[in-house]
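Asker:
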Amino acid sequence: MHVSVRGSLAAVQLTVQTLYKLNYASPNDWSQPQPTGRGREVIVVLRRRVRLS
23 MHVSVRGSLA AVQLTVQTLY KLNYASPNDW SQPQPTGRGR EVIVVLRRRV RLS
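Counting from 23, one number per residue, gives the positions in the sequence shown under our numbering.
1) Give every residue of the same chain whose Cβ lies closer than 8 Å to the Cβ of R62, excluding the five residues on either side of it in the sequence, and list them in chain order.
2) Taking DSSP's pairing of strands, which residues face L68 in a bridge?
3) Please work out which residues of its chain come closer than 6 Å, Cβ to Cβ, to S53, disregarding the five sequence neighbours upstream and downstream, and give them in chain order.
4) Assuming the contact rule is C-beta atoms closer than 8 Å, V27 and V38 should be a hit. Round their C-beta distance to whole Å, please.
5) Would you report the Cα separation of R71 and D51, rounded to the nearest angstrom?
Below you can see the structure in the form of structure tokens.
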């Protein structure tokens, strides 16, 4: 599964921290912010294996 978050660096960092507080993923599990080419927008990606039973 891939989860991505796009936006300003501040918004992306806040979202990653919020997801951490909700026990979704550690901030270290996300990629480093990469520019999207749209102004100051960045993107981070979380890759996670999901077990389907």
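Note that the Cβ used here is the ideal one computed from N, Cα and C, for glycine as well.
Answerer: Checking against the coordinates, here is how it stands:
1) Taking the sequence shown and counting its residues from 1, one reaches residue 62 at position 40. The residues are S30, L31.
2) Counting from one through the sequence shown, the residue named residue 68 turns up at place 46. Beta-bridge partners assigned by DSSP to L68: V25, W52.
3) One-based indexing of the sequence shown puts residue 53 at position 31. Cβ neighbours of S53 beyond the five flanking positions: V66, V67.
4) On the sequence shown, position 5 is the one that residue 27 refers to. On the sequence shown, position 16 is the one that residue 38 refers to. Contact flag correct, Cβ pair sits at about 7 Å.
5) Within the sequence shown, numbered from 1, the residue matching residue 71 stands at position 49. Within the sequence shown, numbered from 1, the residue matching residue 51 stands at position 29. Going by the C-alpha atoms only, they are around 12 Å apart.
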